[in-house]
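Same order as they appear, the protein sequences are chains S and L.
Mapping the first sequence onto my numbering, position 155 (from 1) lands on 170, and the numbers just tick up by one.
Mapping the second sequence onto my numbering, position 29 (from 1) lands on 778, and the numbers just tick up by one.
Report on the following structure.
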Amino acid sequence: MKELLMGNEAIALGALCAGVGVVTGYPGTPSTEALETCAKRRTEDVHVEWSVNEKSALEVAAGAAYTGKRTLVTMKQVGLNVASDPLMSLAYIGVKGGMVVLVADDPGPISSQTEQDTRTFAMYSKLPVFDPSTPEEAFEMIGEAYEFSEKYGTPVLFRPTTRVCHATALIDVPEARRPVQPGTFEKSPRWGIFPRLALENHRKIEARNRELETVFSTYAGNRVTALSGGENAKQALVTSGVGDRYAAEALKMLGSPAVKILRVATPFPFPNRLAESFLAGVEEVLCVEELDPVLERALLQLAGEKHLSVTVRGKRTGDLPAAGEYTTECVRAAVAKFLGVPDLPAPEAEKTPALPVRPPVLCAGCPHRASFYAVREAAKGKKALFAGDIGCYTLGNAMGMSDTCLCMGAGITVAQGVRRGEPDMHTFSFVGDSTFFHTGIPGVINAVYNGAKETVVVLDNDTTAMTGHQPHPGTGVSAIGGAAEKISIPKILEAVGVSPVITVDPFDVQAAIQAARDAMEAPGVSAVIYKSPCAARIRPQKPVAVWENCVNCGKCIRELGCPALRRGENAVAVDTTLCTGCGLCTDICPVGALQKEDA
Amino acid sequence: MDILLCGVGGQGTVLASKLLAQCAAAKGLPVHTAETIGMAQRGGCVASHVRIGADTAAPLLPFGTADLLIAFEPAEAVRALPYLKQGGAAVVNTRPLQAVTGNYEPAEMLDYLTAHVANLTLCDATGAAERCGNSKALNSALLGEAARAGVLGFDVGELCAAVEALLPERHRAVNLAAIRGNF
């Protein structure tokens, strides 16, 4: 029976059908649902874990792959940066069991810091990469990825983008799964990376990748199609990923002009032989690919090597945007211009009423809002830096509480550097509970060891909220829902010499402000842990009531930016569908006009 | 049949698109959807693209091609209107969800929609959901409204079957009531 599956779910089920035995990863949009689906749909003999970070995830999977287990590692594109240290070396060491590293790219970017392209990373790490265009293809391709991985004894990258990961389709998932193989670790010098082995393996990798250029030339995922008798057209498209789907839609809208198309599913190693035969008689090629001009460069290189008289167009020629997500419109305009056919007329730009700007905001009732308010009050009138980090609390920028944001765990260390530059600054670094475990801890140790003065503010909402509430080492729950060792954040901080370490409920407003004041008086590294569960995971209380004495001063709205508070005609209005009754605003109102209903 | 669902993160567009996909699957129709998942789910603009039928390629609808626009909020209806094809239908919740950046005048949006969409259904779907017992059933209320207006391509019975198939027992009654318009 066909099942409606999101791309990430399809990838997970494809991996389970292929007999994956160990699945590790760290949450990150748009990759998260892949591991969650493995956890939900696994059989008892499949180990699934949320690892503490992507580096750990990759290393755990590497060990399992040494024993012959098939493994899946999941992460978003910036997670690959964290995992790149083990991955670069593992590329040299290789694996015994098939290993697929699922790295979800995010053109836009919609929920990321960068628009980095994992296909480029594949080239750098010398690892084969698979680039599906749809959820259906992703399901088919992941099984093939395991076959290639095992045959060539190498990890392979699998790189869908947001519109594959978060698109859904009806997919026929077979009942039968390849049995999970038992693992055996055979002691051998091959598992220890030494310079001599590295050199030897480097030579082998380069030779293998040349071989794969030929092998991939007959891989069914790399395919040539033609529209309207375009088999011998002088103009051709070369596409990959979702770009292929935009091109198909655009060509349909343009009345299916005569053209031939090469869809590349393995951008690296590039299927050179197939591309060379495809280019016979072609004078001009347009590359349709999101993010980096990977196909474009590969074709330019091929044209140079083979002295082909072909013009390669795409991003480098300005035909398509160098940055951002593609749309059917931008691809259609480029394709129409390229083929010399008229594009559809653009719809007349209608003048609409002014539309509201909707930046993402902290939810109504979010404990981070209370924590930010407390620290801001404590630091009022003082020269202070509020270093931010990655998570829901990045949205503290709307309250002026995220002065910097770089990458996972960087807030704690960036703050130290800022103070080296400006020594009279009070520095607060905000870090979420999951981020603290991910890469926050070394930064705290760095601060203590190097005599920094800093207040680490842990926003502990007992979950990984931004990616949809995954457990982490502080929650006492594992990825498969079982009980796990609950690791104490305050004990870690105390153990590395942070003092004082104050834990407080951010909704106890006065105590929360006092905690921040006390911590910033400390001579060295101090910490405040604001502990309160994510608002999305607790039952809301009765909405806050607005009393008649509201003077409509707007202080609550200005100070808190809560989506449940609106400016009304004569008084502030509470949106009762959003308000969770957290009561933070009742502490801020100067005339006591906002009241908790139960109070 | 191409349907665009638009609204503000948290309003429930993702479930609405799942219900539509379930309706299509139950009828044996090919269906693809694309959702907004991630940071924008925290109060930003979100859209779900639902494409029913075999002849679709791109995951997202091109502008000017949606047969039906289902808007969870008036200003988002105006924002997404370029997706609607000439002669397409729109079903719009009249209850505004104001932005933290400032209030807008809903009447302006509704006037604009009335002037630009001939086949327009306006309804207070939030109110309807509240009367059914939970404002979160807004998605079901809107889908029910579209079905009853005869512009959805699925009828009330098909939507109810999708709810039975997808939702846990405890959420069914309120969503079924919202779809049927029983309040």
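Note that CB positions come from ideal geometry on N, CA and C, so glycine has one too.
Does the distance from the CB of S:Thr419 to the CB of S:Gly403 come in under 8 Å? Here residue 419 of chain S refers to the residue found at position 404 when the first sequence is read from its first residue. Here residue 403 of chain S refers to the residue found at position 388 when the first sequence is read from its first residue. S:Gly403 sits close to S:Thr419, with the two beta carbons spaced by under 8 Å.
Between which residues of its own chain and L:Arg921 is the CB-CB distance below 7 Å, once the five residues before and five after are set aside? The residue you call residue 921 of chain L lines up with position 172 of the second sequence. Cβ neighbours of L:Arg921 beyond the five flanking positions: Val912 and Glu913.
Check whether the region 195-212 of chain S and the region 88-101 of chain S are in contact - that is, three or more C-beta pairs closer than 8 Å. Output reads no: the region 88-101 of chain S does not touch the region 195-212 of chain S.
Anything in chain L within Cβ reach of S:Met268, meaning under 8 Å, just list it in chain order. In the first sequence, the residue the question calls residue 268 of chain S occupies position 253. Neighbours of S:Met268 on chain L, chain order: Pro811.
Decide if L:Tyr832 is buried, meaning its Cβ has at least 16 other Cβ atoms within 10 Å, or exposed. Residue mapping note: residue 832 of chain L aligns to position 83 of the second sequence, counting from 1. Counting of Cβ neighbours within 10 angstroms places L:Tyr832 among the buried residues, the total reaching 16 or more.
Check whether S:Ser148 and S:Asp259 have beta carbons under 8 Å apart: One-based indexing of the first sequence puts residue 148 of chain S at position 133. One-based indexing of the first sequence puts residue 259 of chain S at position 244. Contact: yes.
Can you give me, in chain order, the residues of the region 781-795 of chain L that have a beta carbon less than 9 Å from any beta carbon in chain S? Taking 9 Å as the upper bound on Cβ-Cβ separation, chain S lies near residues His781, Thr782, Ala783, Glu784, Thr785, Ile786, Gly787, Met788, Ala789, Gln790, Arg791, Gly792, Gly793 and Cys794 of the region 781-795 of chain L.
For the candidate residues L:Thr863, L:Cys794 and L:Lys776, whose alpha-carbon lies nearest to that of S:Pro374? Here residue 374 of chain S refers to the residue found at position 359 of the first sequence. Comparing Cα-Cα distances from S:Pro374 to each of L:Thr863, L:Cys794 and L:Lys776, the minimum goes to L:Cys794.
Against chain S, which members of the region 876-895 of chain L pass a CB distance test of less than 7 Å? Closer than 7 Å at the C-beta level to chain S, one finds these residues of the region 876-895 of chain L: Ser884.
CA-to-CA distance, L:Leu859 to L:Phe903, given in whole angstroms: Locating residue 903 of chain L in the second sequence gives position 154, counting from the first residue. Locating residue 859 of chain L in the second sequence gives position 110, counting from the first residue. Going from the Cα of L:Phe903 to the Cα of L:Leu859 covers about 26 Å.
Which of helix, strand or coil does DSSP assign to L:Gly876? In the second sequence, the residue the question calls residue 876 of chain L occupies position 127. L:Gly876 falls in the helix class under three-state DSSP.
S:Ala550: which of S:Cys594, S:Ala494 and S:Asn465 sits nearest, CA to CA? Counting from one through the first sequence, the residue named residue 550 of chain S turns up at place 535. If we check each option's Cα against that of S:Ala550, S:Cys594 comes out closest.
Taking contact to mean 3 or more Cβ pairs, one atom from each stretch, closer than 8 Å, check whether the region 213-232 of chain S and the region 240-259 of chain S are in contact. At 8 Å Cβ cutoff, the stretches do not touch.
Measure the C-alpha to C-alpha separation of L:Ile819 and S:Thr367 and round it to an integer number of angstroms. Residue numbering aside, residue 819 of chain L sits at position 70 when the second sequence is read from its first letter. Residue numbering aside, residue 367 of chain S sits at position 352 when the first sequence is read from its first letter. Going by the C-alpha atoms only, they are around 18 Å apart.
Contact list for S:Gly576 against chain L, beta-carbon separation under 8 Å: Position 561 of the first sequence, counting from 1, holds the residue named residue 576 of chain S. Result: Val849.
Could you compute how far the alpha carbon of L:Arg844 sits from the alpha carbon of S:Ala389? Numbered from its first residue, the second sequence carries residue 844 of chain L at position 95. Numbered from its first residue, the first sequence carries residue 389 of chain S at position 374. When rounded, the distance between both Cα atoms is 34 Å.
What is the DSSP secondary structure of S:Ala614, reduced to helix, strand or coil? Reading the first sequence from its first residue, position 599 is the one you call residue 614 of chain S. In this prediction, S:Ala614 has a pLDDT of 49, which is less than 50 and means its spatial position is unreliable; what the coordinates show is noted afterwards. Note: S:Ala614 maps to coil in three-state DSSP.
Out of curiosity, what's the CA-to-CA distance linking S:Gly569 and L:Leu810? To locate residue 569 of chain S, count along the first sequence from 1; it is residue 554. To locate residue 810 of chain L, count along the second sequence from 1; it is residue 61. Rounded to whole angstroms, the separation of the alpha carbons of L:Leu810 and S:Gly569 is 40 Å.
Report the neighbours of L:Arg897 on chain S: residues whose CB is nearer than 9 Å to its CB, in chain order. For the purposes of this step, residue 897 of chain L is taken as the residue at position 148 of the second sequence. Chain S residues near L:Arg897: none, gap ~23 Å exceeds 9 Å.
Leaving aside the five residues before and after S:Cys32 along the sequence, list all residues of the same chain whose C-beta is less than 6 Å from its C-beta, in chain order. Stepping through the first sequence from its first residue, residue 32 of chain S is reached at position 17. Once the five neighbours on either side are set aside, the close Cβ partners of S:Cys32 are Arg192.
Partners in chain S for L:Arg828, counting only beta-carbon separations shorter than 7 Å: Looking up residue 828 of chain L in the second sequence gives position 79. Neighbours of L:Arg828 across chain S, judged by C-beta separation under 7 Å: Leu370.
Give a yes or no on whether the C-beta atoms belonging to L:Thr762 and L:Phe821 are separated by under 8 Å. Start at 1 with the first residue of the second sequence, and residue 762 of chain L comes out as number 13. Start at 1 with the first residue of the second sequence, and residue 821 of chain L comes out as number 72. Yes. Within cutoff.
Under 7 Å by beta carbon: chain A residues contacting L:Met858: No chain A appears in the structure shown, which is made up of the protein chains S and L.
What is the DSSP secondary structure of L:Ala765, reduced to helix, strand or coil? As a first step, residue 765 of chain L must be located in the second sequence, where it is residue number 16. In the structure shown, L:Ala765 sits in a helix (DSSP, three-state: H, G or I).
Should S:Asp121 go down as buried or exposed, given a rule of 16 or more other Cβ atoms within 10 Å for buried? Start at 1 with the first residue of the first sequence, and residue 121 of chain S comes out as number 106. Looking at its Cβ environment, which holds 16 or more other Cβ atoms inside 10 Å, S:Asp121 is buried.
Residues that S:Tyr13 contacts on chain L, provided the C-beta gap is smaller than 8 Å: As shown, chain S starts at 16 and ends at 614. That puts residue 13 of chain S outside it, with no answer to give.
Beta-carbon spacing of S:Gly512, S:Ala499 below 8 Å: In the first sequence, counting from the first residue as 1, residue 512 of chain S sits at position 497. In the first sequence, counting from the first residue as 1, residue 499 of chain S sits at position 484. No, the pair does not count as a contact, with Cβ atoms beyond the cut-off.
What residues in its chain sit with their C-beta under 7 Å from that of L:Ala815, if we drop five residues either side in the sequence? Locating residue 815 of chain L in the second sequence gives position 66, where the first residue counts as 1. Same-chain partners within the cutoff: Asp751, Ile752, Leu753, Tyr832, Leu833, Lys834 and Gly837.
Would you please verify whether the beta carbon of L:Ala807 is less than 8 Å from any beta carbon of chain S? Translated into the one-based positions of the second sequence, residue 807 of chain L becomes position 58. Closer than 8 Å: yes.
Alpha-carbon spacing of S:Ala614 relative to S:Leu599, whole angstroms: Here residue 614 of chain S refers to the residue found at position 599 of the first sequence. Here residue 599 of chain S refers to the residue found at position 584 of the first sequence. For S:Ala614, the pLDDT reaches just 49, beneath the cut-off of 50, and the residue's location in the model is therefore unreliable, although a value from the coordinates is still provided. The straight-line gap from Cα to Cα measures roughly 13 Å.
Contiguous alpha helix (DSSP H) assignments of at least 4 residues, all confined to the region 116-195 of chain S: Qualifying alpha helix (DSSP H) stretches, in chain order: 133-140, 150-167 and 177-180.
Ordered along the chain, which non-local residues of its own chain (more than five positions away) have a Cβ less than 6 Å from that of S:Ala27? The residue given as residue 27 of chain S occupies position 12 in the first sequence. Here the set comprises Ala49, Thr52 and Cys53.
Please state whether the Cβ-Cβ distance between L:Ile786 and S:Pro45 is less than 8 Å. Indexing the second sequence from 1 puts residue 786 of chain L at position 37. Indexing the first sequence from 1 puts residue 45 of chain S at position 30. Yes. Within cutoff.
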